[in-house]
Every structure is written in structure tokens, then in C-alpha cells.
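A.B. asks:
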Amino acid sequence: MTTDRSIIVDSLGVGIATGLYGVSFGAISTASGLSVLQTCLISLLVFTGASQFAFVGIIASGGNPLTGALTAVLLGSRNLFYGVSMAPKLDLDPARRLASAHFVIDESTAMGVTRTTTRQARLGFYWTGISIFVLWNLTTFLGALAGNAIGDPRTYGLDAAVGAAFLGLLWPRLATPTGRLVALVGAAVALGLVPVTSAGLPIILGGGTAVLLGMLWRPKATT
Amino acid sequence: MTAVWGGIAVMVVGCFALKYAGLSVPESVLHHPMTVRAVELLPAGLLGALIAVQVFADGTTVQVDARLLALGVAAVLLMLRVPFLPMVFAAALVAALVRQL
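Same order as they appear, the protein sequences are chains P and C.
Heads up, the first sequence is in the numbering used here, so the first residue is 831 and it goes up one at a time.
Heads up, the second sequence is in the numbering used here, so the first residue is 64 and it goes up one at a time.
#1: According to the neighbour-count rule (16 or more other Cβ atoms, all chains shown, within 10 Å of its Cβ), is T1053(P) buried or exposed?
#2: On the premise that A133(C) lies in contact with R162(C), defined as a C-beta separation below 8 Å, what is that separation, rounded to the nearest angstrom?
#3: Looking at C-alpha atoms only, which residue of D921(P), I858(P) and L920(P) is the closest neighbour of F152(C)?
#4: For M74(C) versus V903(P), is the C-beta distance shorter than 8 Å?
#5: In this structure, does DSSP put T124(C) in helix, strand or coil?
#6: Rounded to whole angstroms, what is the Cα-Cα separation between V157(C) and F911(P)?
#7: Within the 8 Å Cβ cut-off, does P149(C) reach chain P?
#8: Throw me the rounded Cβ distance for the R945(P) and K919(P) pair, which I believe falls under 8 Å.
#9: Could you check the C-alpha separation between T98(C) and L164(C) for me, to the nearest Å?
#10: Are the Cβ atoms of G898(P) and I888(P) separated by less than 8 Å?
#11: Can you tell me whether V876(P) is helix, strand or coil according to DSSP?
#12: In angstroms with no decimal places, state the Cα-to-Cα distance between L86(C) and G959(P).
#13: Determine the closest residue to F147(C) out of G852(P), T1006(P) and T970(P), with distance taken between C-alpha atoms.
#14: Exposed or buried, which one is G993(P) when buried takes at least 16 other CB atoms within 10 Å?
#15: Going by the beta-carbon positions, is the gap between A1040(P) and V1019(P) smaller than 8 Å?
#16: So if I threshold CB-CB distances at 9 Å, which residues from the region 899–916 of chain P count as touching chain C?
#17: Suppose you measure from the CA of S1028(P) to the CA of L1004(P); what does that come to, to the nearest Å?
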């Protein structure tokens, strides 16, 4: 029997650990040339980490902001399916749906979707989502100030930190053979396109090709 | 600079619309197995591509430098289950130190 108290404690644990990443987003964003205001607004209004990192990463590499936005939205498409799984668990009226949608992210879904009652699903979802939201925005602001003070991002290896951040986000998806294949194809196609297309496009084209191949390829071992 | 604001606006609207639509549409609309699989695979494909570009690209040229070493360090730390933030910090530190040499 899971108690309400243990759900809240676990959710806060996840919230604190995740919310702190905001500092790396903030620093990378301002070091990539975005203003402190832009950086904070992105965390406040987009609030889905992988998409935010993708956007500033593409801006940093000289890509078109619209290409960056498109990549960010594509990465955010998983939140659509998180919403679909959470909707029956949370059982919300239309007004609450509008107010809750912003908190539909990886962690809040993970902490809410496994619960057996509406009450406990809501506890896990809101305590995780809101604690991350508060910390993520606070640490984004602090990171943004730090990134601004640094000047050239290369001096402190901040450009290398972006690759590491993406790898950290990708890591859980490398557990399956299909995940590894898709990531590898995405990387290879993107790299091949770097010399011939404008910045940002290799990412969308590489990711798209990898998904197509991944949908055609089915490992024989699985049933 | 205006273009960046435009990009931010598109991203804000797009990302929120996806979250809100998920909570609102009936489950059957998104139940097609191909849709589900494509969305499952998309983050791996895009993140793989993002890593490759971030680590090897310099404008339109491909080059190997301190960033690759940093990525290697990040991979080792992830294998050792080091949490996200110290892992990212260590990768940045390695790149910064290598550039001082």
C-alpha cells in the first residue's frame, strides 16, 4: 500500500534532482547568445527540457531559429502521448485541463501514471510537475546570469556541455537495440548532411530518416 | 534578434498545444500503431542527430576536437550512473582543461 506521504516525498526527490538541471540550460542558453529574458521566458513558457536544449543548441550552431523551434516541437511530441496516458488518471474538467497541461512532462508523467487511484495520480503528477517548475525556473535564471558572465562559452567548455546534456537525455533510450540503432542512424545522417545543408536541417533530416528506418526494422528476437 | 523571438513564439505555442491536446483528445484518435511507434522513436533519432552536430560540426565543417573527448567522459560517467548535473559539469571541465593545454 503506497501512502500519500511516500508519493509526495518521492515526487519532491525527483523534482529537486530534475529542477536543478535548469542551471545548465540557463548557462548554455545565454552563452549561446540568447538574452537572460529570452532564456527565462523559454523555461517559463516552454517548460520541457529536451526541447529547450535543442532550441538553444541549434541557435548556438548558427541555425535558423525556426528550424530550432521545429526541432523543439518535434521533440515535444512525446508530451502529447504522456497527456493521453495521464488524462484518464487525472480525470480533469476542461478548465483544470488547461491549467494542468503545462506540467505534462517526462517526470510528472512517470510519477503519476503508475498510480491506481485518481487521488494518488494527482499527488504524484502535481507534486513532481510543480516542484520541477519552480526550481527549473529559479535555476534557469541563476544559470543564465552565470552564462552571461562567462563570455566565450568555449573557455569553460560550455559548448561541450551541450553534447553531454543531449547524451544524458538520450541515455535511457539506448537500453533497447532499436533505440541504439535509431540514435546511431540519426547521428550518421545528420553528420553526413552537415557540409551540404544549412545548420539545423541535418538534425531534422537525420532524426526523420532514423525514425523511418526504425519503423521498418524489427528485431527478430522480439515477439 | 527578431528571428529568435519568432522561433521562441513558435516553440512556446507548439509545445503547449501538444501538451494540451494530449490531455484533451480521445485516446482512440492517437491509437494508430504507426503513430505511436514514430513518436516513441523520434526522441532517440533527434537526440542522436543533435549530439552528432553538437560534437563534430563547426559551421559546415566536420572536425574532431575537445568536444569529442568531453562526450567520451560523459558516456563513461553515465555508465557509472553519475547524475545528470555532475556529469554535464565534468564534461565541460574536461573540454575546458584540454583547451588550456
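Where is the CB? At the ideal position from N, CA and C, for every residue including glycine.
Owing to the predicted nature of the structure, the values given are computational and were not obtained by experimental measurement.
C.D. replies: Judging by the given coordinates:
#1: With a pLDDT of 44 at T1053(P), under the threshold of 50, the modelled position of that residue is not reliable, and no figure is offered here.
#2: Actually they are not in contact, since the Cβ atoms of R162(C) and A133(C) sit about 10 Å apart, beyond 8 Å.
#3: I858(P)
#4: yes
#5: strand
#6: 37 Å
#7: no
#8: 7 Å
#9: 49 Å
#10: yes
#11: coil
#12: 15 Å
#13: G852(P)
#14: buried
#15: yes
#16: A899, L900, T901, A902, V903, L904, L905, G906, S907, R908, N909, L910, F911, Y912, G913, V914, S915 and M916
#17: 28 Å
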